[in-house]
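Residue numbers (this note's numbering), protein chains in the order written: chain A, 19 to 187; chain B, 39 to 376.
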C-alpha cells in the first residue's frame with residue numbers, strides 16, 4: 019500500500035553533536051551524541067557496553083532495562099542527552115571484585131534463563147524491583163516484573179531466583 | 039527517527055516562550071510515548087524542548103484540602119506517594135494497572151494525560167488515519183477494530199484514549215492547570231480530553247503553545263468504597279479492553295455520592311452524569327448497578343470486532359460497583375476478580 023503522507027516537512031540540517039557526561043557503572047564517561055541517540059545506543063554503540071540488549075526498541079520487552087539514578091527504566095525510550103549527569107548502572111556494573119551480584123548468582127542457581135537474551139534486562143529490572151521494596155509476594159513479583167518478556171518462558175525460575183535473592187537482601 | 043534539534047527549558051516561562059517560537063517543536067518529559075511515536079515516524083517534531091528538569095515534580099496538599107500533582111511527577115512515584123495511597127487509593131490502583139514499572143518510572147503525570155491512542159492504524163503510516171493525517175480517512179471503522187471505541191465515536195475516528203490513570207482522574211473530578219503566553223488557566227478534567235467529532239487530530243483542549251503544569255485533586259478521595267477494575271487480553275501489561283473506576287459514599291445501604299468512569303471505550307475517559315445520577319440516592323444492590331450500566335451504555339455502538347465490549351462493559355460496571363460498595367477493591371497483583 020502506498021504511503022499516504024503528502025506533506026513533508028523540510029529536513030532540518032543535522033544538528034551539532036551535544037557533549038554530555040554519563041556516570042556509567044561508577045566511571046565518568048564523556049560523550050558526544052546526536053539529539054536522537056537513545057541511552058541504549060549510547061551504551062552499546064558509543065561505550066561498547068553490549069550487555070544491555072536491544073529487543074523491541076519500543077519499550078515493550080524490557081531487554082534494554084538499566085538503572086538510572088537507581089531506578090529501572092527502558093533505555094530504548096530515553097534520549098542520552100536527557101540523561102546528562104546521571105548515574106547509569108548496567109549489567110556490566112553489578113559484579114563487584116570478581117563476585118557476581120546475588121541476583122546474577124541466583125539466576126545461575128535457579129536456571130532462570132535459556133537463550134539469555136532477556137537476562138541482563140531481567141536482572142537489572144530485578145535489582146530495581148528489590149530496591150523499590152514493593153513486591154512481597156510471588157504475585158507481586160510477577161506483576162512488577164511484567165515489563166520484562168522472556169520468550170523462552172523461563173518465568174517460574176526467574177521468579178524463584180528473584181525470591182531467593184530477595185530473601186538474602 | 040528524523041533529525042531534530044534539542045533544547046532544554048530553563049524554567050516554565052522559558053518553556054512557554056520556546057514552544058511559542060517554533061510551531062514544529064514539542065515538549066518532552068518522560069518520552070515513553072513521544073519517542074516511540076517518533077521511531078514510528080508518526081510524530082515528527084523539528085525540535086524537542088526538554089522540560090524534564092523543571093521544578094514541577096512535587097505532590098503537595100492544597101489549601102482547600104486537595105492535592106496538587108506536578109506535571110513531572112513520575113507515574114510510579116505518584117502511585118506510591120503516601121498522600122495518594124492514603125487518600126486517593128483508586129488513583130494509585132489505576133496507575134499500577136497500566137504499563138510496566140520501568141515505564142511508570144519514566145512516564146510523567148502530564149504525559150499520561152497527553153499520550154496518544156494506540157490504534158494500530160494511527161501507528162501505521164502506510165494506512166489512512168484522520169487523527170494522524172486529517173482528511174485521509176479512518177481505517178479502523180472498516181478494518182480491525184477490536185480495541186476501538188463503543189461510545190462517543192464519529193465517522194472520522196473510533197480510537198480510544200489508552201490511559202488508566204486518566205479514568206481515575208475523571209472519576210475523582212480532577213482539574214488540569216496549564217500555563218500559556220497569557221498566563222495560567224484551569225481546565226476541568228471532563229473538558230480536557232475531546233471527542234473525535236470531525237477533528238480527531240486534536241486529542242485535548244490544551245493549546246499548542248500551552249504547558250501542562252499540574253493536576254489538582256479535590257478533597258474527596260473516596261478512600262473506603264472504590265475500585266479500579268481493568269479487563270484486558272493479558273493479566274498484566276496490556277491496554278484495557280474495558281476498565282471501570284467506581285467510587286461511592288455510602289450511608290448505610292444507600293448511595294449518597296457515586297462516581298463512575300470507563301476506560302478503553304471512548305476517545306476520552308468516559309464519565310456519564312446520568313449514570314451517576316441513577317446511582318445517587320439508591321440502594322447499593324445489583325439491580326441499581328445494572329440500571330446505571332444500562333444508562334451509561336444506552337448509546338453504545340459496536341463495530342465488526344468490538345461489539346463484545348458492550349456486554350463486557352455492562353458486566354464490568356456491575357462488578358466494579360459491587361466491589362466498591364463492598365469496600366473490596368480489585369487487587370492489581372492478584373488478578374482474580376471477586
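Where is the CB? At the ideal position from N, CA and C, for every residue including glycine.
From a predicted model like this one, the values you see are computed outputs, not experimental measurements.
Check, Outcome
"Contacts of residue 190/B in chain A (Cβ-Cβ under 9 Å)", "The premise fails here: residue 190/B is roughly 25 Å from chain A at the closest Cβ pair, so nothing lies under 9 Å."
"Cβ-based neighbour list, residue 101/A, same chain, cut-off 7 Å, excluding 5 preceding and 5 following", "40, 57, 86"
"Contact list for the region 87 to 109 of chain A against chain B, Cβ threshold 7 Å", "89, 90, 91, 92, 95, 96, 97, 99, 100"
"CB contact below 8 Å: residue 72/A versus chain B", "no"
"Other residues of its chain near residue 91/B: CB distance less than 7 Å, five sequence neighbours each side excluded", "46"
"Option nearest residue 377/B by Cα separation, candidates 198/B, 340/B, 224/B, 96/B", "In the structure displayed, chain B extends from 39 to 376; residue 377/B sits before or after that span and is not available."
"Reference residue 170/A; option with closest CA among 130/A, 44/A, 46/A, 155/A", "130/A"
"CB-CB length for residue 281/B against residue 205/B, believed under 8 Å", "6 Å"
"Sub-8 Å separation of residue 94/B and residue 251/B beta-carbons", "yes"
"Classification of residue 262/B by the beta-carbon crowding that lies within 10 angstroms, buried from 16 upward", "exposed"
"Supposed contact pair residue 93/A and residue 61/A - C-beta distance, whole angstroms, cut 8 Å", "7 Å"
"Distance CB(residue 78/B)-CB(residue 53/A) smaller than 8 Å", "no"
"Cutoff 8 Å: residue 73/B Cβ touching any chain A Cβ", "yes"
"Within-8 Å CB hit, residue 21/A to chain B", "At residue 21/A the pLDDT is 49, less than 50, meaning the model places this residue with poor confidence and gives no usable figure here."
"Sequence-distant residues of the same chain with beta carbon closer than 8 Å to residue 222/B, five excluded per side", "215, 216, 251"
"Residues near residue 236/B in its chain [Cβ-Cβ closer than 7 Å; skip 5 each side]", "192, 194"
"Contact belief for residue 275/B with residue 146/A at Cβ below 8 Å, rounded distance in angstroms", "The Cβ separation is near 16 Å, so there is no contact."
"Separation of residue 253/B from residue 104/B, as counted between CA atoms", "11 Å"
"CB contact flag (residue 183/A, residue 126/A, <8 Å)", "no"
"Residue 19/A - DSSP class collapsed to helix/strand/coil", "In this prediction, residue 19/A scores a pLDDT of 42, lower than 50, which makes its location untrustworthy; no coordinate-derived value is stated."
"Within 8 Å, strictly: CB atoms of residue 142/B and residue 112/B", "yes"
"Residues of the region 32 to 55 of chain A whose Cβ lies closer than 7 Å to any Cβ of chain B, in chain order", "32, 33, 36, 53, 54"
"Residue 215/B - partner residues in DSSP beta bridges", "224/B, 252/B"
"Contact set between residue 181/A and chain B, taken where Cβ atoms lie within less than 7 Å", "Within chain B, no residue comes near residue 181/A; the closest Cβ sits about 14 Å away, beyond 7 Å."
"Interface partners of residue 141/B on chain D, CB under 7 Å", "The chain inventory of the structure shown lacks chain D, comprising the protein chains A and B."
"Per-residue contacts from residue 80/A into chain B (C-beta, under 8 Å)", "138, 140"
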